[in-house]
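**Q**
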Amino acid sequence: MENKRQQILDTALQLIQQSGFDSFSYSDLSEIVGITKASIHYYFPSKEDLGIAVLKMVGERSQLLNAIIAQRQSPTEMLSLYVKAVLISNPGEMICPVSSLQAAYNVIPEAMKAELQRLSALELDSLTAILQQGLDEGVFEFKGTAREYAALMLTSLKGALQYSRALKEDLRKSVIDVLMRQILKP
0 MENKRQQILD TALQLIQQSG FDSFSYSDLS EIVGITKASI HYYFPSKEDL
50 GIAVLKMVGE RSQLLNAIIA QRQSPTEMLS LYVKAVLISN PGEMICPVSS
100 LQAAYNVIPE AMKAELQRLS ALELDSLTAI LQQGLDEGVF EFKGTAREYA
150 ALMLTSLKGA LQYSRALKED LRKSVIDVLM RQILKP
């Protein structure tokens, strides 16, 4: 039973990354997963419940990633792993699920907004901590605060995902290279 629930969540996540939260229905999900709409409603009575569950799943994965990153020795390794994780979790024409939902912020249900705010803060705080450690250790240098540069990096990385999809040209690596050249001390 838990396997079906996870299948629904994974499929919903993919659909959010491909086309957005409002672009799919329970009918679409049931067809892709191969179950009835009633089965989806069993696990997620409303689409809002599904959205919250997807956000919580993304949050859990982010926390797991943060724990793995924290085991790295240097801020450079930590940042490299963080950036790779962003790219791996958003392959091809998929965009970040957090970015997808942030773009729909004014139309998603209030309970989803609260979870999205929590997850957005987690992302920003995690990257800020890596950058601050690198700054403190003298490995990174940049103008502004670690939080400001984390916001710049996040919006640049996630923007590169969206532009890559729209232009059918992978801009991710070049954006990452520019960002890294700007902060790594020679």
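Residue numbers (numbering that gives the first Met the number 0): 0 to 185.
Note that CB positions come from ideal geometry on N, CA and C, so glycine has one too.
Check each candidate in I34, L153 and D48 and name the one with the smallest Cα separation from C95.
**A** Here residue 95 corresponds to residue number 96 of the sequence shown, with the count starting at 1. For C95, the nearest C-alpha among the options comes from L153.
**Q** With a cut-off of 8 angstroms on the beta carbons, I'd call S99 and Q16 a contact; round off their distance for me.
**A** Residue mapping note: residue 99 aligns to position 100 of the sequence shown, counting from 1. Residue mapping note: residue 16 aligns to position 17 of the sequence shown, counting from 1. With 8 angstroms as the limit, S99 and Q16 qualify as a contact, their Cβ atoms being about 6 angstroms apart.
**Q** Out of R60, S24 and G33, which has the shortest C-alpha to C-alpha gap to S45?
**A** Walking along the sequence shown from the start, residue 45 turns up at place 46. Answer by Cα proximity: S24.
**Q** Using the Cα positions of A145 and T75, report the straight-line distance between them to the nearest angstrom.
**A** Numbered from 1 along the sequence shown, position 146 holds the residue referred to as residue 145. Numbered from 1 along the sequence shown, position 76 holds the residue referred to as residue 75. In a straight line, the C-alpha of A145 is about 14 angstroms away from that of T75.
**Q** Kindly indicate which residue of A37, L183 and Y162 has the alpha-carbon position closest to the one of E140.
**A** Residue 140 sits at position 141 when you count from the first residue of the sequence shown. Cα-wise, what sits closest to E140 is L183.
**Q** If you draw a straight line from the alpha carbon of A66 to that of Q72, how long is it in whole angstroms?
**A** The residue labelled residue 66 in the question sits at position 67 within the sequence shown. The residue labelled residue 72 in the question sits at position 73 within the sequence shown. Their Cα atoms are separated by approximately 13 angstroms.
**Q** Flag this pair as yes or no: are the beta carbons of L178 and S155 separated by less than 8 angstroms?
**A** For this step, residue 178 is matched to residue 179 along the sequence shown. For this step, residue 155 is matched to residue 156 along the sequence shown. Contact flag set, yes.
**Q** What does a CB cutoff of less than 8 angstroms around A69 pick up in its chain, not counting 5 residues either side in sequence?
**A** Within the sequence shown, numbered from 1, the residue matching residue 69 stands at position 70. Hits under 8 angstroms: M77.
**Q** Tell me, which residues are paired with F139 by DSSP?
**A** Here residue 139 refers to the residue found at position 140 of the sequence shown. According to DSSP, which records beta bridges pairwise, F139 is partnered with L183.
**Q** Since L115 and Q101 are thought to touch, with beta carbons under 8 angstroms apart, how far apart are those beta carbons, to the nearest angstrom?
**A** Looking up residue 115 in the sequence shown gives position 116. Looking up residue 101 in the sequence shown gives position 102. Contact holds; Cβ gap of about 7 angstroms.
**Q** What residues in its chain sit with their C-beta under 8 angstroms from that of I39, if we drop five residues either side in the sequence?
**A** Locating residue 39 in the sequence shown gives position 40, counting from the first residue. Taken in chain order, the residues that qualify are I7, Y25, L28, S29, V32 and L49.
**Q** Look at the alpha carbon of V97 and the alpha carbon of A128, and state the distance between them as a whole number of angstroms.
**A** Residue numbering aside, residue 97 sits at position 98 when the sequence shown is read from its first letter. Residue numbering aside, residue 128 sits at position 129 when the sequence shown is read from its first letter. Distance between the alpha carbons of V97 and A128: 19 angstroms.
**Q** Y104 to V57, Cα distance in whole Å?
**A** Along the sequence shown, read from residue 1 onward, the residue named residue 104 stands at position 105. Along the sequence shown, read from residue 1 onward, the residue named residue 57 stands at position 58. So the alpha carbons of these two residues sit roughly 17 angstroms apart.
**Q** How is the alpha helix (DSSP H) around Q13 delimited, first residue to last?
**A** Here residue 13 corresponds to residue number 14 of the sequence shown, with the count starting at 1. Run containing Q13: E1 to S18, per the alpha helix (DSSP H) assignment.
**Q** Take S79 as the anchor and find which of A37, A52 and L126 has the nearest alpha-carbon.
**A** Reading the sequence shown from its first residue, position 80 is the one you call residue 79. That would be L126, whose Cα lies nearest to the Cα of S79.
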